[in-house]
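Going by my numbering, the first residue of the sequence shown is number 834, and it counts up by one from there.
Note that CB positions come from ideal geometry on N, CA and C, so glycine has one too.
Heads up, the thing below is written out as structure tokens.
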Amino acid sequence: MHWGPRFFSRRTPRSVRTPANSPRITWRAYRVLLQLPLLVCGCLFATAPAMAEDTVLRVLAWPGYADPDVVKAFEARFHARVEVTLVDSDEALWDNLHAGHTPPFDVLAANTAEIQRYTQEHMLAPLDLAQIPNTRRQLPRFQALSSIDGLTAGGKVYAIPFTYSSMGLIYDRKQIAVAPTSMTELWNPRYRGKVLDFNSAQHNFSFAALALGYPDPFQLSPAQTRAIALKLVDLRRNLLTYYTLPEEATAFFVHHKAALMFGNYGTQQLAQLRRAGADVGYVIPNEGALAWLDCWAMTSATAHRPLALAWINYMLEPEVSALLIQRQGLANTLTPSPESNVNAHLVWIRPVADVQRRETLWSKIVSGDLPETFK
């Protein structure tokens, strides 16, 4: 999910294979502790394909995507067992798929950049949309699969959008009466010492590229990269601090009365701040906002294609997709998000060029190096 995960930095490679009723043991598990009770009833409408009682569907997913009650209802309907392996980083996802598990994984959830990577490695099977009728329930922007980089190749579909989060601006309504409309507000001198920024080279360079009006925030020339580095050096004047985890951001925002924040965790972060008593608003700037989009895909190694397709279709049932909003504070692909307008300009994250250059410059930025040292 990207959140994942989304989604934002997912660096610590960890995974745990669990039965459906095992506890979550990841750095993102705090979200699961906030889950609301839900009864997933057996009256959902899909027709189950005939399956042998000993059939096992192996699912690779992020916490919150395949919760025990959801899995149990699927097992009862399709007369199969589901084994869920949880990951909390893109690296863990990649490692699991390359570990040579026997039997192999059948379905997985990954962001669009990773989906593109797996498709190029011939690790995913094309999907038969006729077997995933719930795609017709999705919002138009998510039915237009060819318009989203990474989901199609050679005229075939390899992944179906499931959940997403934008990385917009979060602001204190008490200090900012009128919602900001531009990412450049982060540099406004009136917010000196009141801005929070996410500690990530990739996303900072990309969102600053949007603020500067560069057409492709993921493919930057050397001159553009240096200009952005200097822009991010300038942002230090307004910073309260950098944050990594959403809990840190919430604590800083509430206790130090921050005014404005680059919301790397988007609507999830907004929900957490509101639970902490903060009077905050959320906007997608006019320049657009970075966003991650996690999708379901079927592996090329699966021996259970009908069941794998049934799983993807099941994940798009309204009762199941609604859990992303109720439990995780995420958006789903069936209903418009009240915080992320359906017509908002979202820029789905893609692999960036020259990662090492961004990382090197970011290290100098957060270390406080002087502008004249940036070559």
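Straight-line Cα distance separating residue j from residue i
i	j	result
Val1185	Ala909	43 Å
Ile993	Ser980	13 Å
Ser1033	Met1000	13 Å
Arg850	Thr918	No answer about Arg850 holds up, because its pLDDT of 38 lies below 50 and its placement is not dependable.
Leu1078	Ala1084	10 Å
Asp923	Ala943	8 Å
Val1188	Thr1168	35 Å
Tyr898	Leu1019	33 Å
Trp1195	Met1016	19 Å
Leu871	Ser1039	Summary for Leu871: the model assigns pLDDT 35, below 50, so the residue's position carries little reliability, and this model does not support an answer.
Thr1157	Arg1138	Before going further, note that residue 1157 is Leu rather than Thr in the sequence given. About 25 Å.
Leu960	Glu916	21 Å
Asn1165	Val904	18 Å
Val1146	Arg1070	Checking the displayed sequence, the identity of residue 1146 turns out to be Asn instead of Val. The alpha-carbon atoms of Asn1146 and Arg1070 are separated by roughly 49 Å.
Gln868	Arg1108	Bear in mind that a pLDDT of 38 at Gln868, under 50, signals an unreliable position, so the number given afterwards is only what the model happens to contain. Those two C-alpha atoms are separated by around 13 Å.
Arg914	Arg970	27 Å
Gly1046	Trp1181	16 Å
Tyr1076	Leu972	33 Å
Tyr951	Arg1023	45 Å
Leu1072	Phe911	53 Å
Asp887	Asp902	20 Å
Phe840	Ile948	Low per-residue confidence applies at Phe840: pLDDT is 34, beneath 50, and the placement is therefore not dependable, though the value from the model is reported in the following sentence. Straight-line Cα distance between these residues: approximately 13 Å.
Leu893	Pro936	13 Å
Gln1159	Leu1142	25 Å
Asp900	Arg891	14 Å
Asp928	Trp895	14 Å
Ala986	Asp1112	44 Å
Ala1082	Leu1093	11 Å
Lys1197	Ala1044	21 Å
Gln1035	Phe907	38 Å
Residue environment, residue i, which counts as buried when at least 16 other CB atoms sit within 10 Å
i	result
Gly1099	buried
Lys1007	exposed
Asp1067	exposed
Ala1010	exposed
Pro1151	exposed
Ser1054	exposed
Asp921	buried
Glu954	exposed
Gly983	buried
Ala1056	exposed
Ala932	exposed
Pro1050	buried
Contact under 7 Å by Cβ, residue i with residue j
i	j	result
Asn1021	Leu1065	no
Cys1128	Phe938	no
Ser1133	Met956	yes
Trp1144	Val940	yes
Tyr1004	Gly1121	no
Asn967	Leu1140	no
Ala1091	Leu1029	yes
Ala1177	Ile1117	yes
Thr1014	Asn1097	no
Val1238	Leu978	Any answer about residue 1238 is impossible in this case: the structure gives the chain only from 834 up to 1208.
Arg1183	Ala946	yes
Phe1095	Phe1031	yes
From the options, residue whose alpha carbon lies closest to that of residue i
i	options	result
Ala1124	Glu1192, Gln1101 and Gly1026	Gln1101
Leu1163	Leu960, Ser998 and Arg969	Ser998
Pro1204	Ile1061, Asn1097 and Glu916	Ile1061
His1089	Asp1187, Gly1026 and Val1180	Gly1026
Thr1193	Arg1183, Arg1069 and Phe1207	Phe1207
Gly823	Thr1074, Pro973, Arg891 and Leu1002	Outside the displayed span of the chain (834 to 1208) sits residue 823, for which this structure offers no information.
Thr1135	Leu1029, Arg1160, Ala958 and Lys905	Ala958
Gln964	Met1131, Arg1160 and Arg1069	Met1131
Leu962	Lys1197, Val920 and Gly988	Gly988
Gln1052	Asn929, Ala932, Ile1198 and Arg1191	Arg1191
Leu1106	Val1087, Phe1095 and Ile1198	Val1087
Leu1179	Leu1126, His934 and Gly1110	Leu1126
Residues that DSSP places opposite residue i in a beta bridge
i	result
Tyr891	Inspection of the sequence shows that residue 891 is occupied by Arg rather than by Tyr. Paired residues: Glu916.
Tyr1004	Leu1093 and Gly1114
Trp1181	Ala1124
Tyr997	Leu1126 and Ala1164
Glu935	The residue asked about is misnamed: residue 935 is Thr in this sequence, not Glu. None; Thr935 has no bridge partner.
Asp1030	Tyr1075
Leu941	Leu893 and Ala1130
Gly985	The sequence as given places Thr at residue 985; Gly does not occur at that position. Answer is Val990, bridged to Thr985.
Ala899	In the DSSP output, where bridge partners are listed per residue, Ala899 has none listed.
Ala958	Met1131
7 Å Cβ cutoff, residue i in contact with chain C
i	result
Lys1027	The chain labelled as chain C is not found in the depicted structure, where only one protein chain is given.
The ligand MG heavy atom lying under 6 Å from the CB of residue i
i	result
Asn967	Judged by which ligands are present, the structure shown has none, so any question about the ligand MG falls away.
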